[in-house]
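In my numbering, the protein residues as written are 15 to 313.
From the three backbone atoms N, C-alpha and C, an ideal C-beta is built for every residue, glycine too.
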């Protein structure tokens, strides 16, 4: 009997933990934390484990809070779409009040933790939550410009790490912000292309023209080119302490070229398979680009 009770308790805890990971979107949160830590390494004069821990924990809390608020707001729309109908709230595993409790708790924990690093980091973290939940989320069913608005909180993490390390905002974190800002467009439009039919069920307007057409593909190409250019600007020595060697810049530019290749392929083929390849290429790009920046600083 005790064994059965213990197993039931373990299963319950496993489900609760799984729902917590889903409501905070653990994969997305971890990728955001990775970007923040990369920015920290780039900005830090001296790396400290305690600062990295505070940034990682506070960053996860802020992203988790944003995602929890988002799923509370969109719970009825999530129930209409195949990819989201089994999320904890529409599936009935987590109540709205519990999700709000999680979101508010994570917000407070995140702001306090980031404040321990410095006030500017906490401020940018709070701005990110506000923009994501109060501006981007409501706009998703109103206008394709929601992606433009959402690119602002989405671009903060890389910059946030530098601010966490220096308590300063200038050309360096501004450049990191712009790199991730322009990356958002080909990434999310590729995702929006893949999930267009499902998004329509929820009333979300995620593609710039509202259609999987040449106009959308052309804009993906344009923003990919801008991303490639901005990603290598530090090689010219005009971005303060943020620098990039010529070999690193060439490598990053070539990686951007892979994205551009798939963007052109999408313009020609206009199919879901190519959009998926572009989306995967974009995920690889942002991660490898940040790793190259960090390695280039220390070698």
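Assigned secondary structure, residue i (DSSP; H/G/I helix, E/B strand, else coil)
i: residue 19; result: With a pLDDT of 47 at residue 19, under the threshold of 50, the modelled position of that residue is not reliable, and no figure is offered here.
i: residue 29; result: helix
i: residue 77; result: helix
i: residue 36; result: helix
i: residue 24; result: Interpretation of residue 24 is limited by its pLDDT of 48, a score under 50 that renders its predicted location unreliable; the figure taken from the coordinates is listed afterwards. DSSP places residue 24 in helix when its eight states are reduced to three.
i: residue 134; result: helix
i: residue 181; result: coil
i: residue 256; result: coil
i: residue 246; result: coil
Option nearest residue i by Cα separation, candidates the options
i: residue 86; options: 119, 42, 108 and 65; result: 108
i: residue 298; options: 266, 93, 166 and 88; result: 266
i: residue 291; options: 96, 307 and 207; result: 207
i: residue 129; options: 114, 174 and 164; result: 174
i: residue 58; options: 203, 182 and 191; result: 182
CA-to-CA distance, residue j to residue i, given in whole angstroms
i: residue 46; j: residue 200; result: 17 angstroms
i: residue 40; j: residue 197; result: 21 angstroms
i: residue 251; j: residue 90; result: 50 angstroms
i: residue 238; j: residue 137; result: 30 angstroms
i: residue 311; j: residue 68; result: 22 angstroms
i: residue 176; j: residue 44; result: 18 angstroms
i: residue 65; j: residue 283; result: 47 angstroms
i: residue 313; j: residue 106; result: 51 angstroms
i: residue 249; j: residue 178; result: 23 angstroms
i: residue 247; j: residue 253; result: 8 angstroms
i: residue 273; j: residue 152; result: 30 angstroms
i: residue 111; j: residue 120; result: 14 angstroms
i: residue 255; j: residue 60; result: 14 angstroms
i: residue 241; j: residue 127; result: 32 angstroms
i: residue 49; j: residue 257; result: 17 angstroms
i: residue 220; j: residue 296; result: 17 angstroms
i: residue 75; j: residue 123; result: 7 angstroms
i: residue 301; j: residue 171; result: 13 angstroms
i: residue 270; j: residue 293; result: 12 angstroms
Inter-residue CB distance, residue i and residue j (contact presumed, cutoff 8 angstroms)
i: residue 193; j: residue 244; result: 5 angstroms
Min CB distance residue i to chain C below 8 angstroms
i: residue 230; result: The structure shown has no chain C; it contains just one protein chain.
As an exercise, report each continuous beta strand (DSSP E) stretch of at least 3 residues that is fully enclosed by the segment 36-72, in chain order. none
Scan the segment 204-229 and note each continuous beta strand (DSSP E) run of 3 residues or more that stays entirely inside, going in chain order. none
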